[in-house]
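Contents: one structure, followed by commentary.
Residue numbers (my numbering): 59 to 317.
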């Protein structure tokens, strides 16, 4: 049973982006536009489609091939700046059955070094304008267990409510039993929370459960209440909230974002 709000945008939904969008490759600005479009290629989050006129004219290099998509026929381009070449980086829609998309370019996110909405960097993918993320302090007591081992027990938490994801419970480090945790080198990023600063696997007996807990030491401005706190991947642990054992949610993760 799903206990959190679902995404609402259908595939191929298009909306204007009311924010200035920029992206850079090395020291060069590739994109600078206030005319981008949000396009939902799948329902969880959109992509930016950029007018060709708002892209640096000398950096797109045609690869001489086309592909077919639900939004029309695209011409595949590489990005070239000096000795840096990013193949298959951009897809140009010369025409499209969807109003407003002809003459726009969809970039592979990782083909560019950094993306910005206005002057704030955005990670992983565009922020969904239909997603809300709230961090609320709660004094409902919480316990986190795995295979009968108590990993954390706290009188309060910061609950993060994010559209399309289960509630995440961020706990003070003093309430975590770090004897059961093993630090890893994993790093993930989230468009709404930023870049993680730590990950931990969990040991129960002879078994290692990889990357079940994480922390953001320097989250985005909107999520500062979770700074330095620790959350567990509650699809794989047992959570007792206010004396009630919660059902483990089933989630299809967004790429590169756990919570």
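Just so you know, even glycine gets a beta-carbon here, dropped at the ideal spot from N, CA and C.
Check                                                                                                                                                                      : Outcome
Tell me which residues share the same chain as residue 125 and place their Cβ nearer than 8 Å to its Cβ, disregarding the 5 neighbours each side in the sequence.          : 131, 132, 134 and 149
So what does residue 107 bridge to, in DSSP terms?                                                                                                                         : 95 and 164
Where does residue 313 sit, in a helix, a strand or coil, going by DSSP?                                                                                                   : Note that residue 313 has pLDDT 40, beneath the 50 cutoff, so the model's placement of it is unreliable and the number below is only indicative. If DSSP states are grouped into helix, strand and coil, residue 313 belongs with coil.
Secondary structure at residue 234, three-state DSSP: helix, strand or coil?                                                                                               : strand
With a CB to CB cut of under 7 Å and the five nearest residues on each side skipped, what residues in its chain are close to residue 170?                                  : 81, 82, 83 and 88
Going by DSSP in three states, residue 283 sits in which element: helix, strand or coil?                                                                                   : helix
Reducing DSSP to helix, strand and coil, say where residue 120 ends up.                                                                                                    : strand
Would a C-beta distance cut-off of 9 Å place residue 297 and residue 231 closer than the cut-off?                                                                          : no
If you run the structure through DSSP and keep just helix, strand and coil, what is residue 90?                                                                            : strand
Could you please give the first and the last residue of the uninterrupted beta strand (DSSP E) stretch that includes residue 130?                                          : 130-139
Give me the Cβ distance between residue 111 and residue 96, rounded to the nearest whole Å; I'm assuming they're in contact under 8 Å.                                     : With 8 Å as the limit, residue 111 and residue 96 do not qualify as a contact, their Cβ atoms being about 18 Å apart.
I'd like to confirm the pairing. Which residues does DSSP put opposite residue 227 in its beta bridges?                                                                    : 217
Run through DSSP, which three-state label would residue 127 get?                                                                                                           : strand
What number of angstroms, rounded off, separates the C-alpha of residue 196 from the C-alpha of residue 210?                                                               : 16 Å
Could you give the residue range of the beta strand (DSSP E) that holds residue 79?                                                                                        : 79-83
Could you pull out every residue in the same chain whose Cβ sits closer than 6 Å to the Cβ of residue 313, ignoring the five residues on either side in sequence?          : Caution applies to residue 313, whose pLDDT of 40 falls short of 50 and renders its modelled position unreliable; the model cannot decide the point.
Return the chain-ordered list of same chain residues with a C-beta closer than 7 Å to the C-beta of residue 235, the five sequence neighbours on each side being excluded. : 208, 209 and 210
Roughly how many whole angstroms lie between the Cα atoms of residue 224 and residue 292?                                                                                  : 8 Å
Name the DSSP beta bridge partners of residue 257, please?                                                                                                                 : 242 and 272
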